[in-house]
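Asks:
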Ligand code: GLC
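Residue numbers (our numbering): 32 to 458.
1) Would you please verify whether the beta carbon of residue 166 is less than 9 Å from any beta carbon of chain B?
2) Determine the direct distance from the alpha carbon of residue 301 to that of residue 394, and round the result to whole angstroms.
3) Would you say residue 29 and residue 317 are within 9 Å of each other, going by their C-beta atoms?
4) To which residues of the same chain is residue 448 closer than 6 Å at the C-beta, ignoring the five residues directly before and after it?
5) Return the first residue and the last residue of the beta strand (DSSP E) that residue 398 is part of.
6) Report the partner residues of residue 280 according to the DSSP bridge assignment.
7) Check whether the region 432–448 and the region 398–414 are in contact - that is, three or more C-beta pairs closer than 8 Å.
8) For residue 150, tell me which candidate among 108, 203, 162 has the shortest Cα-Cα distance.
9) Taking residue 85 and residue 134 to be in contact with their CB atoms under 8 Å, please state how far apart those CB atoms are, rounded to whole angstroms.
10) Leaving out five residues before and five after residue 204 in sequence, what residues of the same chain have Cβ atoms less than 8 Å from its Cβ?
11) Can you determine whether any heavy atom of ligand 1 sits closer than 8 Å to the C-beta of residue 334, and answer yes or no?
12) With DSSP run on the structure shown, which of helix, strand or coil describes residue 302?
13) State the Cα-Cα distance for the pair residue 235 and residue 199, rounded to the nearest angstrom.
14) Is residue 157 near ligand 1, going by C-beta to nearest heavy atom under 8 Å?
15) Counting along the chain, where does the beta strand (DSSP E) carrying residue 51 start and finish?
16) What did DSSP end up calling residue 192 once you bin it into helix, strand or coil?
17) Which runs of the alpha helix (DSSP H) fall wholly inside the region 137–166 and span at least 4 residues, in chain order?
18) Which residues mark the beginning and the end of the alpha helix (DSSP H) in which residue 79 is found?
19) In three-state DSSP terms, what is residue 45?
20) When every heavy atom of ligand 1 is checked, does at least one fall within less than 8 Å of the C-beta of residue 224?
21) Check the DSSP bridge columns for residue 388 and list the partner residues they point to.
22) Helix, strand or coil for residue 197 per DSSP?
23) Between residue 441 and residue 391, is the Cβ-Cβ spacing less than 9 Å?
24) Using the three-state DSSP reduction, which class does residue 448 fall into: helix, strand or coil?
25) Using the beta-carbon count (16 or more within 10 Å), is residue 32 buried or exposed?
26) Run the proximity test for residue 163: is its beta-carbon closer than 8 Å to any non-hydrogen atom belonging to ligand 1?
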């Protein structure tokens, strides 16, 4: 069994729960063409302000969001308290640039945290260390004002240390005002331009852990080389081929993924993943010992749009009958080869192995090395028995299995679920 490197934060629940919801919500929901729109189009503050003046999510009901997430089988959520544009969703005392000062007129984080907690989900905050609005954030090549001819002059009055104090003050507000916070997802460092000294990362991390003992902190404060400088690795919009390792050692990891490419609500994007792709993604991640943080970008009216809801429902349909192969599961023990077109997960507590079949074969599925090691086998969706046995003698010479191969006898027709799973009760 692979055991990941121990973490300072409490990851015991995290590696059990496996599946979370990411929420990217902010002013960029209005332009609806990527949360980086201010940067991409180099929109000046005065112009971007039009979204601040029109931000009015009148249909916002976080209980519906929490219901959709819980229905999909998600066990925690991580919301953007502030993204790179600097706009704050909570009632920060350190800035006017916040939801309560828009037409929406209220703290959006508090009711969200309450609604998700009520549904039993754990709470995570995403917080951008980058800030394209704050007057002390030194303009660099990633800044939305990078192209300004007076950039030098602008920077003459900017004091990154003062910005860091603001950043720390805001994180303190978030970690003292909303009860127990389980995850802090900082985003992001890009040394040599901006890194640990620009955020005063060591202090920030120390304060984070002091204010919320047990909190899980991600790996974007530019402290990768510091012992205890991060708890989880966070590959983004990318599927690692195997369990993520650092210096040859497997670590706790979580990949964050979008439905369509953009994190913020994007009206016109057409590259939405199918429910099958998404379910396969979740399975693929757990089969490599990781977590999936799947993102929704709510609209400016405050809703999850239909494309997102349809996918969450589809995943929930699958999870309703198959979550046993996800929760509490991890990579299969070494030495069990994965059959063709399949992914394996394993629950060490129940000693059950889950065979996820991505392409339905014709009747026989062979697993090398497992002959005699399985007490019982069933399809997970309906608990119908899957007969086990050897390949009949008159076929054996043509099938070519070795004597230690377990052969599962599947129905000809694929069960009517997105990804069928065979549950093997190991001896
Ligand atoms: C990034 C992006 C971003 C998104 C995030 C999610 O680094 O800047 O817009 O919030 O990653 O992981």
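Positions of the beta carbon are idealized from the N, C-alpha and C atoms, including for glycine. These figures come from a predicted structure and were not determined experimentally.
Replies: Once the coordinates are examined:
1) Here chain B cannot be found, since the structure has a single protein chain.
2) As a position in the chain shown, residue 394 is number 363, starting the count at 1. As a position in the chain shown, residue 301 is number 270, starting the count at 1. Whole-angstrom Cα-Cα distance: 37 Å.
3) The structure shown does not extend to residue 29, since the chain is modelled only from 32 to 458, so the question has no answer here.
4) For the purposes of this step, residue 448 is taken as the residue at position 417 of the chain shown. So the list reads 412, once near-sequence residues are dropped.
5) Along the chain shown, one-based indexing puts residue 398 at 367. For residue 398, the enclosing beta strand (DSSP E) covers residues 395–398.
6) Taking the chain shown and counting its residues from 1, one reaches residue 280 at position 249. Beta-bridge pairing links residue 280 to 277.
7) Output reads yes: the region 398–414 touches the region 432–448.
8) Locating residue 150 in the chain shown gives position 119, counting from the first residue. Considering only alpha carbons, the answer is 108.
9) Numbered from its first residue, the chain shown carries residue 85 at position 54. Numbered from its first residue, the chain shown carries residue 134 at position 103. Indeed, because the Cβ distance is near 7 Å, the residues count as touching under 8 Å.
10) Residue mapping note: residue 204 aligns to position 173 of the chain shown, counting from 1. Excluding sequence neighbours, residue 204 sits near 121, 123, 124, 125.
11) Looking up residue 334 in the chain shown gives position 303. Every heavy atom of ligand 1 is 8 Å or more from the Cβ of residue 334, so no.
12) For the purposes of this step, residue 302 is taken as residue 271 along the chain shown, with counting starting at 1. In this structure, residue 302 counts as coil in the three-state DSSP scheme.
13) As a first step, residue 235 must be located in the chain shown, where it is residue number 204. As a first step, residue 199 must be located in the chain shown, where it is residue number 168. Roughly 6 Å between the two C-alpha positions.
14) As a working mapping, residue 157 is identified with position 126 in the chain shown. Residue 157: yes, Cβ under 8 Å from ligand 1.
15) Along the chain shown, one-based indexing puts residue 51 at 20. 50–54 is the span of the beta strand (DSSP E), which, as asked, contains residue 51.
16) By one-based count along the chain shown, residue 192 stands at place 161. Residue 192 falls in the helix class under three-state DSSP.
17) Qualifying alpha helix (DSSP H) stretches, in chain order: 140–149.
18) Numbered from its first residue, the chain shown carries residue 79 at position 48. From DSSP, the alpha helix (DSSP H) with residue 79 extends over 76–85.
19) Looking up residue 45 in the chain shown gives position 14. Correct three-state label for residue 45: helix.
20) In the chain shown, the residue the question calls residue 224 occupies position 193. It does not: the Cβ of residue 224 is nowhere closer than 8 Å to a heavy atom of ligand 1.
21) Indexing the chain shown from 1 puts residue 388 at position 357. Residue 388 pairs with 373.
22) Taking the chain shown and counting its residues from 1, one reaches residue 197 at position 166. Helix, per DSSP.
23) Taking the first residue of the chain shown as position 1, residue 441 is located at position 410. Taking the first residue of the chain shown as position 1, residue 391 is located at position 360. Yes, Cβ-Cβ distance for residue 441 and residue 391 is below 9 Å.
24) Numbered from 1 along the chain shown, position 417 holds the residue referred to as residue 448. In the structure shown, residue 448 sits in coil (DSSP, three-state: anything other than H, G, I, E or B).
25) Translated into the one-based positions of the chain shown, residue 32 becomes position 1. The residue is exposed, with fewer than 16 neighbouring Cβ atoms inside 10 Å.
26) If you number the chain shown from 1, residue 163 lands on position 132. No, since every heavy atom of ligand 1 falls outside the 8 Å radius drawn around the Cβ of residue 163.
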